[in-house]
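The next block holds one structure in the form of structure tokens; read it before the comments.
In our numbering, the protein residues as written are 1 to 241.
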């Protein structure tokens, strides 16, 4: 049985500020095959890496990302909250992030739509991300995931060959397979042998999140999970190396 790919969560969230170039560069230095990042859309249509709906936790200020122009975000310190050695780290655009990837590194683009004002904003995010991925010819290195089932459906309809899948945090993941197109991302405690069998039968890779316990990683590897998403890839080098 093939060992699962180890995917750095939000870059390498245990070792560097999340969703920053510092984390992506660390992931590349560790030789990771894949990273996961969160993508939001600014008011003026720039895809940026940011997890929360608004400023405050990882970058100073107030306001929803979707209500702010890129010029208001560019230059904010997105690293000092994590440690003084990361002071001055900026919020990256999606363009910055894709340029920083290791030469053979894949990327899981989690589309964040919570806090947005309506379906048109979701559609704008999906189209902006897919447009950039296709223009830069990154299709073979990218997958798209989201808690927003409508975003997943739209992405899959626009780019049928690009793996797109829902993120499942509760319930029976098998019920979401009808909306998956090549992958499904599941909170690791929900994954059973039957989950993996059903997903693989549907032609979907299984991504397990967020796994920070080596024993849990060993269990998932034994089940045949395809990708293990973790904050601390170095801790899980056994199952994924």
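By construction, the Cβ of each residue, glycine as well, lies at the ideal position given by its N, Cα and C atoms.
By the beta-carbon neighbour count (other beta carbons within 10 angstroms, threshold 16), residue 117 is exposed. Contact annotation, residue 193 with residue 184: C-beta distance approximately 15 Å; criterion of less than 8 Å not satisfied. With fewer than 16 other beta carbons inside 10 angstroms of its own, residue 213 counts as exposed.
Residue 168 and residue 176 do touch by the CB rule: their CB atoms are close to 5 Å apart, below 8 Å. DSSP, reduced to helix, strand and coil, places residue 133 within a helical segment of the structure shown. When the five nearest sequence neighbours on each side are left out, the beta carbons in the same chain lying within less than 8 Å of the beta carbon of residue 139 are those of 133, 159, 161, 162, in order along the chain.
Residue 36 sits buried, since 16 or more C-beta atoms from the chains shown fall within 10 Å of its C-beta.
With a beta-carbon spacing of about 6 Å, residue 61 and residue 76 fall inside the 8 Å limit used to define contacts. For residue 196, there is no enclosing beta strand (DSSP E); the residue is part of the alpha helix (DSSP H) that begins and ends at 193-201. Each residue's CA atom was taken as its position, placing residue 18 and residue 30 some 16 Å apart. With 16 or more other Cβ atoms from the protein chains shown falling within 10 Å of its own Cβ, residue 10 counts as buried.
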